[in-house]
Each structure stands twice: as C-alpha cells, then as structure tokens.
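In what follows, a structure is listed as structure tokens, so that the remarks can point back to it.
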Amino acid sequence: MTNWGCLQEYLPAEWLTALAGLPPATAERVQELRLRADCPVGVSLTEGERYLTPHGLTAARQRDVYLCTAAQLERCFLRFCQD
C-alpha cells in the first residue's frame, strides 16, 4: 500500500486526496509525479503517463484534470528544499 501521507507537507491537499483514492494496484505502479508550471499534474505509471483528476487518473487532458500553477510549483519546490 502506498503511503501518500509522507507528501502531506509538500503537495496540495486535493492532490493527495485524489492520490489516496487510487486503487492499490494502480498506486503501486506510480513511478513519479510530474509537476510543470501551468500544466496538468502528471502521474507516471509503468504503462505510461496519466493525469490526476479529483476522481483518479485519466489518459486524456480533460476538463477536470488538476493543473499545477506556477505558484503551486514554487511552493512545492521551496517546501522540498527546506528538508
């Protein structure tokens, strides 16, 4: 089981909620989270990249994907750098 709680102080709560809702078999295949300014939050799986939505992952850039703003990216970066 993936423990997304370890990222609690680094990532926005709504992203963590969506990640925590992933089925265990999917969560185990997550290789990395891709954060780029003004782009959808990418989730790299063994079978390819998906995008994070409030309801899980999608292969298409649909309307409800979470976008990482430049301000969110900067906050995440600064939080990671503090440790």
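Numbering (the working numbering), first residue to last: 5 to 87. Note that the Cβ used here is the ideal one computed from N, Cα and C, for glycine as well.
Range covered by the beta strand (DSSP E) that runs through residue i
i, result
"R54", "52-57"
"L37", "34-38"
"L46", "Reading the sequence as shown, one finds Gly at residue 46 and not Leu. Element bounds for G46: 46-49."
DSSP-derived helix/strand/coil call for residue i
i, result
"T73", "coil"
"P27", "coil"
Cβ-based burial, residue i [other Cβ within 10 Å; buried from 16]
i, result
"L26", "buried"
"R65", "exposed"
"A24", "exposed"
Inter-residue CB distance, residue i and residue j (contact presumed, cutoff 8 Å)
i, j, result
"L39", "V47", "11 Å between Cβ atoms; not a contact."
"Y14", "R83", "5 Å"
The alpha helix (DSSP H) enclosing residue i, as first and last residue numbers
i, result
"L61", "L61 -> not in any alpha helix (DSSP H); beta strand (DSSP E) instead, spanning 60-62."
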